[in-house]
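In full-length UniProt numbering, the protein residues as written are 1 to 398.
This is how it looks when you write it as structure tokens:
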């Protein structure tokens with residue numbers, strides 16, 4: 001994908017993976033719990049978690065409502081328009097914004113290592129996409145030849161496995177394709193090419209720790225970033241980028257709205273920003289109070305209109321006044337009832353945690369799939385964690 005090593009040759013042997021990573025495991029009882037594992041022991045599972053877009057991946061057809069297709073805005077201009085740059089080390093939160101902030105995932109060190117890309121994000125000869133007829137056999141009709149499926153071939157110069165009567169060699173097993181992970185990783189890196197285009201952007205990125213540092217905590221040199229950015233621009237192809245990153249910044253409020261209507265129940269937002277029931281009522285009562293003031297102004301105007309000679313005998317205006325009066329009574333009550341119902345729903349959902357026998361409700365919905373082929377020690381650790389009183393509730397990470 002690219003050949004520029006921004007850390008230099010002296011850092012090629014360093015451990016560029018994080019200290020640990022959080023993921024979900026499913027216990028024998030069917031309960032899903034969050035576990036902490038070593039990324040070096042199962043790099044593939046770590047990458048599936050690190051590069052997962054979570055519920056955002058299932059909302060691709062509706063993302064037009066949250067943002068148009070465009071390149072990401074430079075960091076310095078994000079500051080100019082009043083957005084605070086907030087670190088959110090989650091791929092499914094990267095480039096989400098509201099009126100006061102923009103969420104950005106820092107670049108992990110391993111994603112700037114060309115060797116890591118070749119070893120973990122390029123399809124090997126045993127990949128399912130390289131051997132499509134083996135991974136997706138079709139029944140043959142008569143003497144008709146079986147046609148290989150027209151899969152997109154990854155940009156790696158490796159030959160498919162030699163077939164032995166339509167079967168792979170006995171000592172070779174097909175591995176899952178990493179094409180989607182590669183598209184997410186490349187789209188993520190290209191978003192930073194757009195975010196950091198000048199030295200001012202580069203300074204802000206280093207100040208906010210958006211760019212990784214070497215083993216001695218030294219920052220990447222500007223000349224190295226220039227070279228890497230230009231190389232990524234040269235190889236950029238929209239077909240090699242995950243569709244999510246074609247839209248850059250996405251409005252968080254609208255993502256919450258999309259999630260409510262695509263993932264029932266309606267009380268589940270994509271990112272729950274309140275941390276207690278008091279803040280839930282404060283945030284919602286603010287707009288209810290504003291709406292009530294507007295309704296009061298309209299009712300006052302209607303009352304004045306009914307006192308005039310021109311409107312007091314107007315049946316249409318009287319019917320409209322009657323209907324709006326009923327709405328003015330029921331509207332605020334229904335709105336407050338909806339907020340109370342949302343609080344009750346979250347309380348019921350949190351009861352297992354409050355009673356000490358379940359897991360916490362999630363702030364951002366985790367990926368729909370759980371980690372396959374889990375390490376037995378990891379599952380045993382998760383079981384002990386539940387038996388000792390449940391998982392910790394952490395509002396910033398699920």
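Note that beta-carbon positions come from the ideal geometry of N, C-alpha and C, so glycine has one too.
Query, Result
"Option in 296, 102 and 212 with minimal Cα separation from residue 108", "212"
"Among 259, 295 and 73, the one whose alpha carbon lies nearest that of residue 327", "295"
"Nonlocal neighbours in the same chain, by C-beta distance under 8 Å from residue 306, ignoring five residues either side", "312, 317, 318 and 321"
"When 248, 215 and 277 are compared against residue 97, the one with the closest alpha-carbon", "248"
"Residue 217 burial status per 10 Å Cβ neighbour count (16 or more: buried)", "exposed"
"The segment 224–231 touching the segment 20–34, judged by at least three CB pairs closer than 8 Å", "no"
"Per DSSP, the bridge partner or partners of residue 233", "DSSP output for residue 233 lists no bridge partner at all."
"Length at least 4, wholly inside the segment 179–260: the alpha helix (DSSP H) runs in chain order", "179–195, 199–207 and 222–235"
"Where residue 35 falls: helix, strand or coil (DSSP)", "strand"
"Rounded Cβ spacing between residue 120 and residue 47 (contact assumed at less than 8 Å)", "6 Å"
"Close Cβ partners of residue 103 (< 6 Å) along its chain, the five nearest in sequence each way excluded", "86, 88, 93 and 96"
"Exposed unless 16 or more other CB atoms sit within 10 angstroms - verdict on residue 261", "exposed"
"Rounded C-alpha distance that separates residue 18 from residue 245", "24 Å"
"Pair within 9 Å by beta-carbon distance, residue 343 and residue 280", "yes"
"Rounded separation between residue 298 and residue 263 - CA only", "36 Å"
"Given residue 287 as reference, the closest of 78, 339 and 20 once Cα atoms are compared", "339"
"Test item: CB-CB of residue 195 and residue 74 under 9 Å", "yes"
"Secondary structure, beta strand (DSSP E): runs of 3+ residues fully inside the segment 283–339", "none"
"Inter-residue Cα distance where the pair is residue 399 and residue 22", "Look at the range of the chain in this structure, 1 to 398, and you will see that residue 399 is not part of it."
"Distance between beta carbons of residue 114 and residue 234, contact taken as under 8 Å", "Their Cβ separation, rounded to whole angstroms, is 15 Å, which puts residue 234 and residue 114 out of contact at 8 Å."
"Under 9 Å between C-beta atoms of residue 54 and residue 91", "yes"
"Residues near residue 56 in its chain [Cβ-Cβ closer than 7 Å; skip 5 each side]", "92 and 244"
"Boundaries (first-last residue) of the alpha helix (DSSP H) holding residue 50", "43–50"
"Close-in-space but distant-in-sequence residues of the same chain around residue 242 (CB under 6 Å, 5 per side omitted)", "183, 184 and 187"
"First and last residue of the uninterrupted beta strand (DSSP E) at residue 355", "No beta strand (DSSP E) contains residue 355, which DSSP labels as neither H nor E."
"The beta strand (DSSP E) enclosing residue 6, as first and last residue numbers", "First-last for residue 6: undefined, no H or E at that position."
"Own chain, CB closer than 7 Å to residue 302, minus 5 neighbours either side, in chain order", "321 and 324"
"Selected residue, minimal CA-CA separation from residue 198, among 223, 219, 209 and 176", "223"
"For residue 76: DSSP bridge partner residues", "Answer is none; residue 76 lacks a bridge partner."
"Cβ neighbour criterion (16 or more within 10 Å) applied to residue 72", "buried"
"Neighbour-count burial assignment, residue 289, 16 or more Cβ in a 10 Å radius", "exposed"
"Residue closest to residue 190, alpha-carbon to alpha-carbon, out of 352, 111, 35 and 15", "111"
"For residue 56, the three-state DSSP class (helix, strand or coil)", "helix"
"Buried or exposed by the 16-neighbour rule on C-beta atoms within 10 Å, applied to residue 37", "buried"
"Residues near residue 20 in its chain [Cβ-Cβ closer than 8 Å; skip 5 each side]", "36, 37, 38 and 39"
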